[in-house]
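Numbering (the working numbering), first residue to last: 10 to 780.
And the structure:
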């Protein structure tokens, strides 16, 4: 029987490590944290030096019992949770739970799950890092104090089920403040002028008007000393240019070196995976976790393919550097590696004990793993592998040429770039554009104007955040840490404070309301710079430079003062609503904003005598349409909702008619409605394309547009044909083309002789989910 017990967090990790350690070790998993603060109460004694009242997580009780039983027969215990604060906390709690006189407990650390790394860690065990644990414990207590003391205020004053969080609220604030800037933005007109010129050899140069009288001409949102602000001004400049002669007034050539980027840290991996692969932050971390914990790669069996994926350090071990340089030299030539290994500066506050994210075996390029990884795993591994290999290659060298073509006070500028040394771009091209070649000209050469093209432009509002740019903004502002970015993004969406449209974050009306209330009530606690400073102080605790209880005392003193004020000053939206300037269309009483089951709405203050309500969206003059409601005959208005623009009856809620704006752009499908005989049309809805009756809303016949006719007579009615449809979750089933007149349904294709197991037979008894 094994006399040594090694404990990790996940079963996948334990399977890989078991293979390396043999029968001498038993490897078990905790399935994450096993001990935490209680869910049902605050669990922190604020009057007794913030003593946390830890409990076993109820659903982990069986795991705890099993670990205690297995520890009883072990001579030595090795705690091998992840090498970060959360991992240290898991190990600290395990140590407290399993320690007894005479039992030896070690802490082992490794950044990669390979045979050599695991054996080295077990042979050189250490002790639990109390500073790192205290940093985690302090963060947990601060987050608990904020969440458990602020959220009930929102329940009481706004709506039950809402939540506030130390970091989530600041992330929401960043999204809301960007939205306010977008709404306040006033576009400015500017014009650009592009010149097409012919050299003496007849070759064309395309150049933009860049300077007037030595002043830079505006292009884009950046302020410049000269703006072509109107069509009239552009026409005036064109008339002067038409009469001019053009000369190459300057010719600049310079060499530029582009050095490779460092290997990935967590935030940069999340950003690049979003930009290049279209992955969400959550998906990126899930794929990276699988690659880290171990994949079966054939003859080598289970092996961890990348180093630990939660890191803010760009450091690379000496061994990994040597292996990378040897690989590049062998496969691409010795001239592709620099004389000395590339070393990258660590960012301020980085936990340099970790390495950057890199492949554990550089000699396993992506093409050797195609058979062993899923498409998404392979895509992410390829990104990590290429970035790491490129980081140890020579720079790329570019030749940049700038040609200035002048006519009096007007200077047109053309730029060209040629890549003369591939360097690291042979493996990983990061933002280096393709060659843009310019004709060969000489200074003072005369060129002929071929045509001048004016173009109207407008400045653009600030862009809404994507997941990648939100992570970058959080990182830039010092909000959160590598292990928290994914959860921050999930929480603000799960709480319905923000949602993504076309991969861009929009705050919901509820999110904006909660944000406004919390920012007014807690001006410091939810301030961006305060949150960033608190993160830095947590880092200081982790490095042993600050006492954890000192930080909690400082924080709680300020927080409790703001909490007392907030209790008395937060508006009671539940009871009173939020005042507006609008009057009720029925009784002329003031209207207020209230929070309901489905979000914010306008309600009459004369309730219950007047029950007038409407959507929060204000109906602007330009949103009135000439269309009339087919249900009641009143006017339709154009509104914006979660899923885009739609038409709604102006008499809502008395009349509940609404339709998608896109429903007006319908496409006939050459069939008639089996229910009423009118033409069927293809529309686009929340779940994609569907077919419905053109007589809607009188006839509400609907079918899935993606159905596939099989040219098999319906076994039930004999008149219709069997069609393949899909449930909302994507599962295929078979029905009759004459539905709803014929309700034939089958999970298996009619005529198929395939035998079904008991599970499939059982499934046949349940009808498919409706589309």
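No residue lacks a Cβ here, since even glycine has one placed at the ideal position from N, Cα and C.
Here the region 516-528 does not lie against the region 538-548, with fewer than 3 beta-carbon pairs under 8 Å apart. In the structure shown, residue 558 adopts helical secondary structure according to DSSP, grouped into three states.
Taking 3 residues as the minimum length, the beta strand (DSSP E) runs contained wholly in the region 561-619 are 587-592, 599-605 and 608-613, in order along the chain.
A straight line joining the alpha-carbon of residue 665 with that of residue 647 spans about 14 Å. Following the DSSP letters along the chain, one finds residue 623 inside the beta strand (DSSP E) bounded by residues 622-624. Remark: C-beta atoms of residue 234 and residue 224 approach each other more closely than 8 Å. Comparing alpha-carbon positions, the option among 587, 182, 643 and 565 lying closest to residue 153 turns out to be 565. Residue pairing by DSSP places residue 203 opposite 217 and 462 in a beta bridge. Per DSSP, residue 102 is not a residue of any beta strand (DSSP E); the alpha helix (DSSP H) it occupies stretches across 94-107. In the DSSP assignment, residue 331 falls within the unbroken alpha helix (DSSP H) covering 327-341. Here DSSP, grouped into helix, strand and coil, assigns residue 727 to coil.
The Cβ neighbour count for residue 40, taken over all protein chains shown within 10 Å, is under 16; the residue is labelled exposed. Looking at 215, 309, 421 and 466, the one whose alpha-carbon comes closest to that of residue 448 is 215. In this structure, DSSP gives residue 235 an extended state, which the three-state scheme calls strand.
With distances taken between CA atoms, residue 45 lies nearest to 147 out of 19, 132 and 147. Residue pairing by DSSP places residue 115 opposite 87 in a beta bridge. Counting only residues of its own chain and dropping the five nearest sequence neighbours on each side, residue 410 has a CB closer than 6 Å to the CB of 262, 425 and 447. Nearest Cα to residue 126 within the set 230, 43, 30 and 53: 30.
In the structure shown, residue 185 falls within a helical segment according to DSSP collapsed to helix, strand and coil.
Ranking 482, 12 and 568 by CA distance to the CA of residue 32 puts 12 first.
Contact between residue 196 and residue 468 holds, since their C-beta atoms are separated by about 5 Å, short of 8 Å. Nearest C-alpha to residue 328 among 199, 342, 368 and 318: 368. Beta-bridge annotation (DSSP): residue 20 is not paired with any residue.
The beta carbon of residue 444 sits closer than 7 Å to the beta carbons of 426, 427 and 428 from its chain, once the five residues preceding and following it are set aside; these are given in chain order. Sixteen is the threshold: since fewer than 16 other Cβ atoms of the shown chains lie within 10 Å of the Cβ of residue 139, the residue is exposed. Collapsing the DSSP output to three states places residue 645 in a strand. Cβ contact annotation for residue 104 (same chain, cutoff 7 Å, sequence separation greater than five): 88, 114 and 137, in chain order.
When C-beta atoms of the region 340-354 are compared with those of the region 397-405, three or more pairs fall below 8 Å, so the two segments count as touching. For residue 92, the number of other beta carbons within 10 angstroms of its own is at least 16, and it is reported as buried. If the five residues before and after residue 28 are omitted, its C-beta is found closer than 7 Å to the C-beta atoms of 310 and 311, all from its own chain and listed in chain order.
Per DSSP, the unbroken beta strand (DSSP E) holding residue 267 starts and ends at 255-267. Under the three-pair Cβ rule at 8 Å, the region 381-388 does not count as touching the region 329-343.
Counted as a single uninterrupted DSSP element, the beta strand (DSSP E) harbouring residue 516 occupies residues 513-516. Of 523, 612, 619 and 572, the smallest CA-CA separation from residue 167 is found for 523.
Around the beta carbon of residue 317, 16 or more other beta carbons lie within 10 angstroms, which makes this residue buried.
Nearest to residue 86 by C-alpha distance, out of 122, 602 and 131, is 131.
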